[in-house]
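Here the numbering used here is used: the first residue of the sequence shown is 8, the next is one more, and so on.
Ideal placement from N, C-alpha and C gives every residue a C-beta, glycine not left out.
For reference, the structure discussed in these notes is given below.
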Amino acid sequence: FTPLTNVVVIGATNRIEILDPALLERFTRHFEFTYPKNKEEKLEIIEIHLRRYKPYLENGLTSENILRIFEKKILSPRKIADTIDDANRLRTKELEACRRLVQAIKYRPEKVDEVKKLYENDLERLFTVLKLTPQDPDLLKKLENVDPDNYPLRPYHFEKALERTYDEAVEEAQKMMLETVRIQRPEVGKSYGLVALGERGEMGGFVGVIEVVVNPNGSGKVHVIGSEAGESILASAYDAFIYINSISGWRFKNYDIYVEIVTPAKGMEKQVIGPGITRPPVSGPSAGLAIAVAMLSALTGVKVDPTVIMTGAITALGEVWPVGGLDYRGMGKIEAALTDQYARLLIMPKYNYDRLKSFETENMLLERGIKIDPVQTFLEAASLALLDFEKVKEKILEIKE
């Protein structure tokens, strides 16, 4: 594309199919860069991104060795680069954890347990690499000998970094949610909850959408839509249904409730993890609070504030219980909040909030314009998330203050 002004315009996209054909025709040349097709192309990409880390590699560790590790997953060039960087980040965090633990043991013994908890994952990897146990009588001496020069990047670091990557299709689905169901307009029966990736939230997270539809001419049943949802989602929905009825004189006892958790796992079947054993892609009680807010909204016709995101489990008595993905083991839900473009308020269990203070997490969120409100009861959360809580009180005459 060469205009009369002799300006060369270069464009790039990873979604060429959505571009206007008329626009594409104005570009005289098209170049397609696909995933690496063969071993040579993959090796070239690895070698390019491995250059800066060559001095830190374990003796004998080659690009071919790393390629054999990476071949366990299909990775784009960007993911290869990210995984190599992440391998070195893991090594760096292990060195920092080692230094902090040595300082605590030598100079501040009362801080040892706190350091172990704060750096639990990093110390676990460090001990695995060094073949140490916490009970080792020479633990301090061995840790003091660790430094960047004798603690190189090992195959183990690349294996662990690879475990932390997740399918790029999920990443694309997150973007799709932002452009479709995650919108700024307040709606009835629609709330926003935090979803952590990985067993403990160590792989990041995103904002999931909870949608609730009610049928007043039903038989008092709660339905969770989608094969991807686990039994704990249904249990959380029933807890919400029971509590809302208990504070409203059971006026909704004959309503049918339909709950859907809209996440990138929508439509996925249960994963087979062993003979006769399956695991749903979406599980866990931490969506309970968001389900309850969406349900109360649908039952009363009061809209939910879309700038409010939340996480927390709920009991049949309306208590808000702590959840994972919000502590030293993994900050997936915090990452989800930080990356959400509409969030201005994060509701979380008070228990989790009290334990976040030592990590300066609240400052990170405040810098992004997101305030945290800790809660202990569902009604506290509902008063923050619903746009007209007074109207809710009018509709549920027996609501408890």
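Leu147, buried or exposed, once every other Cβ within 10 Å from all chains shown has been counted against 16
exposed
Thinking just about the alpha-carbon of each residue, which of Ala320, Ile354, Leu324 and Leu306 is nearest to the one in Pro313?
Ile354
What did DSSP end up calling Asn45 once you bin it into helix, strand or coil?
coil
Where DSSP assigns a beta bridge to Phe213, which residues make up the other side?
Val202
Give every residue of the same chain whose Cβ lies closer than 6 Å to the Cβ of Lys357, excluding the five residues on either side of it in the sequence, and list them in chain order.
Pro381 and Gln383
For Thr368, I'd like the list of residues in its chain whose CB is within less than 6 Å of its CB, leaving aside the five on either flank, ordered along the chain.
Ile341
Nonlocal neighbours in the same chain, by C-beta distance under 8 Å from Tyr118, ignoring five residues either side
It should be pointed out that residue 118 corresponds to Lys in this sequence rather than to Tyr. Excluding positions up to five away in sequence, the list reads Ala111.
Can you have a look at Asn222 and say buried or exposed, based on whether 16 or more other CB atoms are within 10 angstroms of its CB?
exposed
Per-residue burial, Ile17 [other beta carbons within 10 Å of its own, 16 or more giving buried]
exposed
Mind checking Thr187: buried by the 16 CB within 10 Å criterion, or exposed?
exposed
Give the straight-line distance between the Cα atoms of Gly295 and Thr318, rounded to the nearest whole angstrom.
8 Å
Output the boundary residues of the beta strand (DSSP E) element that contains Glu267.
Asp263 to Val269
Distance between Glu238 and Thr285 (C-alpha atoms, nearest Å):
With a pLDDT of 41 at Thr285, under the threshold of 50, the modelled position of that residue is not reliable, and no figure is offered here.
Beta-carbon spacing of Tyr158, Leu102 below 8 Å
yes
Rounded straight-line distance, which links the Cα of Asp120 to that of Glu127
10 Å
Of the residues Leu306, Ile53 and Arg258, the one placed nearest Gly196, counting alpha carbons only:
Leu306
Any idea which residues DSSP pairs Glu194 with across the strands?
Val311
Using the C-alpha atoms, what's the distance from Pro329 back to Pro287?
With a pLDDT of only 42 at Pro287, under the threshold of 50, the placement of this residue in the model should not be trusted; the figure read from the coordinates follows. Looking at the two C-alpha atoms, the distance is approximately 21 Å.
C-alpha distance - Ile251 paired with Trp257, whole-angstrom precision
8 Å
Suppose the cutoff is 7 Å on Cβ atoms and the five residues either side in sequence are ignored; what does the same chain contact list for Ala88 look like?
His56
Length of the line joining the Cα atoms of Lys49 and Ser70
10 Å
DSSP on Thr346, reduced to helix/strand/coil?
helix
Output the boundary residues of the alpha helix (DSSP H) element that contains Leu147.
Leu146 to Glu151
Is Glu397 helix, strand or coil by DSSP?
helix
How close, in whole Å, do the beta carbons of Leu394 and Leu372 come, if the pair is a contact with beta carbons under 8 Å?
That belief does not hold up - the Cβ atoms of Leu394 and Leu372 are roughly 22 Å apart, past 8 Å.
Span separating the alpha-carbon of Val229 from that of Ile217:
14 Å
Near Asp1, what residues of its chain come up, given a Cβ to Cβ distance below 6 Å and the 5 sequence neighbours on each side ignored?
With the chain running from 8 to 408 in the structure shown, residue 1 is simply not present.
Provide the residue span of the alpha helix (DSSP H) that contains Leu74, from first to last.
Ser70 to Phe77
Outcome for Asp27 when other beta-carbon atoms lying within 10 angstroms are tallied against a minimum of 16:
exposed
Supposed contact pair Ala244 and Val300 - C-beta distance, whole angstroms, cut 8 Å
Not quite, the Cβ-Cβ distance comes to about 12 Å (not below 8 Å), so this is no contact.
Looking at Ile232 and Ala323, is the spacing between their C-beta atoms short of 8 Å?
no
Other residues of its chain near Arg351: CB distance less than 8 Å, five sequence neighbours each side excluded
Thr314, Val315, Gly376, Ile377 and Lys378
Beta-carbon within less than 7 Å of Gly325's beta-carbon, same chain only, minus the 5 sequence neighbours each way: which residues are those?
Tyr250, Thr384, Phe385 and Leu386
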